[in-house]
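Engineer:
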Amino acid sequence: MTFNRVALLSNPNSGRGLAGIAAAEASRVFARSGVSVLNLQGANEQAALKLAQDTIDSADIDALVVCGGDGLINVGINAVAGTNVSLGLLPAGTGNDHARAFGIPTFPTRAAEVILAGHTTAVDVGRASNEQGFSRLFGTIGCLGFDSLVTQRAEKMRWPKGQYRYSMAAARELMAFRAHPCEMILDGVHYSLPVSLVAVGNTPFYGGGMAMCPHADPTDGLFDITVLHDMGRIQAVRRFHKVFTGDVTTDDMVDAFSARVVELHMPGIRSYADGEQFCDTPVRFECLSGHVQLITPADFDPANIVNR
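Letter 196 of the sequence shown, counting from 1, is numbered 196 in UniProt numbering, and no numbers are missing.
So this is what it looks like as structure tokens:
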């Protein structure tokens with residue numbers, strides 16, 4: 001596919017200010033190839049989403065290119081889903097877990113070259129919703145329990161920067177580690193049990209490279225669900241390294257499932273996805289098959305994401 005005109009949605013403050021530099025470098029690559037660029041910047045998340053949606057509706061663009069972190073990429077997913085506009089990624093954030101899953105380079109010029117090559121993959125996205133009217137799409141992992149508490153803590157931290165912030169937040173949250181009562185329904189099958197966390201994965205990674213759902217395939221129409229059972233703090237610490245090696249689901253205190261629809265209720269715990277706060281439970285996660293045309297490297301292999 002050839003792209004002649006793209007909208008470039010960016011957050012100059014993302015990645016400690018590097019996103020603005022990345023957007024400028026990518027724009028030069030696009031210009032040299034004769035691609036017209038329409039620059040978009042929203043004052044906040046809601047403004048960015050409306051701006052992107054209005055541009056898709058009214059402007060003649062072939063792709064929406066997002067330059068920023070996973071939070072802004074989430075905005076891009078919600079803007080293009082169900083349209084004929086492709087989504088391109090210029091990763092310039094803290095975690096960059098969307099880009100990691102699809103093998104998209106973090107160097108802006110190389111990521112721009114992937115976009116110019118024009119190879120697209122129809123990828124799944126998740127939709128989170130609840131009875132209070134909340135509804136939002138996500139691309140990586142939806143989570144409740146320990147992992148959502150880690151994300152909540154990491155949001156408040158100013159040091160360290162980058163993916164190490166999530167590791168530090170996890171280490172601190174381990175000091176208060178405990179299980180939570182959970183009602184879980186997977187494609188109509190009901191479970192009631194105490195859990196430390198539940199991760200609902202469309203892709204394998206969250207938290208800056210933690211492979212909590214190592215076998216998640218964003219093209220198979222299903223979530224991979226990782227459930228960490230009730231365990232003590234010491235047991236959790238001993239297992240923590242497995243989220244970086246892709247071995248977490250081999251542990252005897254962990255269960256792995258696949259399902260298209262996941263319903264979760266964990267009283268007092270909010271759900272998170274794509275590193276963003278979503279909604280209170282009960283929450284319903286639904287996998288929407290092939291809902292986004294994502295620009296990926298030509299050699300992207302969904303069966304080999306973690307081992308790439």
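No residue lacks a Cβ here, since even glycine has one placed at the ideal position from N, Cα and C.
In this text the structure is predicted, and so the values were computed from the model without any measurement.
So what does DSSP say about residue 207, is it helix, strand or coil?
Structural biologist: Here residue 207 corresponds to residue number 207 of the sequence shown, with the count starting at 1. Note: residue 207 maps to coil in three-state DSSP.
Engineer: Quick one: give me the first and last residue of the beta strand (DSSP E) that residue 289 is part of.
Structural biologist: Sequence index remark: in the sequence shown, residue 289 carries index 289 (1-based). From DSSP, the beta strand (DSSP E) with residue 289 extends over 283-295.
Engineer: For residue 254, does the three-state DSSP call read helix, strand or coil?
Structural biologist: As a working mapping, residue 254 is identified with position 254 in the sequence shown. Strand.
Engineer: Looking at residue 276: is its Cβ nearer than 7 Å to the Cβ of residue 142?
Structural biologist: Position 276 of the sequence shown, counted from the first residue, corresponds to residue 276. Position 142 of the sequence shown, counted from the first residue, corresponds to residue 142. Not in contact: residue 276 and residue 142 (Cβ atoms no closer than 7 Å).
Engineer: Output needed for residue 83: all residues of its chain with C-beta closer than 7 Å, excluding positions within five of it in sequence on either side, in chain order.
Structural biologist: As a working mapping, residue 83 is identified with position 83 in the sequence shown. The residues are 56.
Engineer: Need the endpoints of the alpha helix (DSSP H) that residue 102 sits in, please.
Structural biologist: If you number the sequence shown from 1, residue 102 lands on position 102. Counting along the chain, the alpha helix (DSSP H) containing residue 102 begins and ends at 97-102.
Engineer: Could you work out which residue in 94, 128 and 281 is closest to residue 18 when comparing CA atoms only?
Structural biologist: Looking up residue 18 in the sequence shown gives position 18. Ranking 94, 128 and 281 by Cα distance to residue 18 puts 94 first.
Engineer: On the DSSP letters alone, give me the boundaries of the alpha helix (DSSP H) that residue 108 sits inside.
Structural biologist: By 1-based counting over the sequence shown, the position of residue 108 is 108. Run containing residue 108: 108-117, per the alpha helix (DSSP H) assignment.
Engineer: Locate the beta strand (DSSP E) running through residue 277, then write down its first and last residues.
Structural biologist: Here residue 277 refers to the residue found at position 277 when the sequence shown is read from its first residue. It spans 276-280 - the beta strand (DSSP E) in which residue 277 sits, taken as one unbroken run.
Engineer: Could you tell me the alpha carbon to alpha carbon distance between residue 240 and residue 234, rounded to whole angstroms?
Structural biologist: Numbered from its first residue, the sequence shown carries residue 240 at position 240. Numbered from its first residue, the sequence shown carries residue 234 at position 234. Their Cα atoms are separated by approximately 10 Å.
Engineer: What span of residues does the alpha helix (DSSP H) with residue 77 cover, start to end?
Structural biologist: To locate residue 77, count along the sequence shown from 1; it is residue 77. Where residue 77 is concerned, the enclosing alpha helix (DSSP H) stretches over 70-80.
Engineer: With distances taken Cα to Cα, identify the nearest neighbour of residue 252 among 242, 77 and 304.
Structural biologist: Reading the sequence shown from its first residue, position 252 is the one you call residue 252. Selected option, being the one with the closest Cα: 242.
Engineer: Going by DSSP, name the residue or residues bridged to residue 120.
Structural biologist: On the sequence shown, position 120 is the one that residue 120 refers to. Looking at the DSSP assignment, residue 120 forms a beta bridge with 295.
Engineer: When you compare only the Cα positions, how much space is there between residue 226 and residue 214?
Structural biologist: Translated into the one-based positions of the sequence shown, residue 226 becomes position 226. Translated into the one-based positions of the sequence shown, residue 214 becomes position 214. Those two C-alpha atoms are separated by around 9 Å.
Engineer: Measure the alpha-carbon distance for residue 101 versus residue 165 and round it to whole angstroms.
Structural biologist: Locating residue 101 in the sequence shown gives position 101, where the first residue counts as 1. Locating residue 165 in the sequence shown gives position 165, where the first residue counts as 1. The alpha-carbon atoms of residue 101 and residue 165 are separated by roughly 20 Å.
Engineer: Rounded C-beta distance between residue 246 and residue 306? I'm assuming under 8 Å.
Structural biologist: Stepping through the sequence shown from its first residue, residue 246 is reached at position 246. Stepping through the sequence shown from its first residue, residue 306 is reached at position 306. Indeed they touch by this definition, with Cβ atoms about 4 Å apart.
Engineer: Terminal residues of the continuous alpha helix (DSSP H) containing residue 29?
Structural biologist: Here residue 29 corresponds to residue number 29 of the sequence shown, with the count starting at 1. Where residue 29 is concerned, the enclosing alpha helix (DSSP H) stretches over 18-32.
Engineer: Do residue 89 and residue 123 have their CB atoms nearer than 7 Å?
Structural biologist: If you number the sequence shown from 1, residue 89 lands on position 89. If you number the sequence shown from 1, residue 123 lands on position 123. The answer is no: Cβ separation not under 7 Å.
Engineer: Could you tell me the boundaries of the beta strand (DSSP E) in which residue 227 lies?
Structural biologist: For this step, residue 227 is matched to residue 227 along the sequence shown. First-last of the beta strand (DSSP E) with residue 227: 223-229.
Engineer: Within this structure, are the beta carbons of residue 108 and residue 22 separated by less than 7 Å?
Structural biologist: As a first step, residue 108 is located in the sequence shown; it is residue number 108 there, counting from the start. As a first step, residue 22 is located in the sequence shown; it is residue number 22 there, counting from the start. In this structure, residue 22 lies closer than 7 Å to residue 108 by Cβ.
Engineer: Take the Cβ of residue 263 as the centre, count every other Cβ of all protein chains shown within 10 Å, and call the residue buried at 16 or more, exposed below.
Structural biologist: Counting from one through the sequence shown, the residue named residue 263 turns up at place 263. Result: buried.
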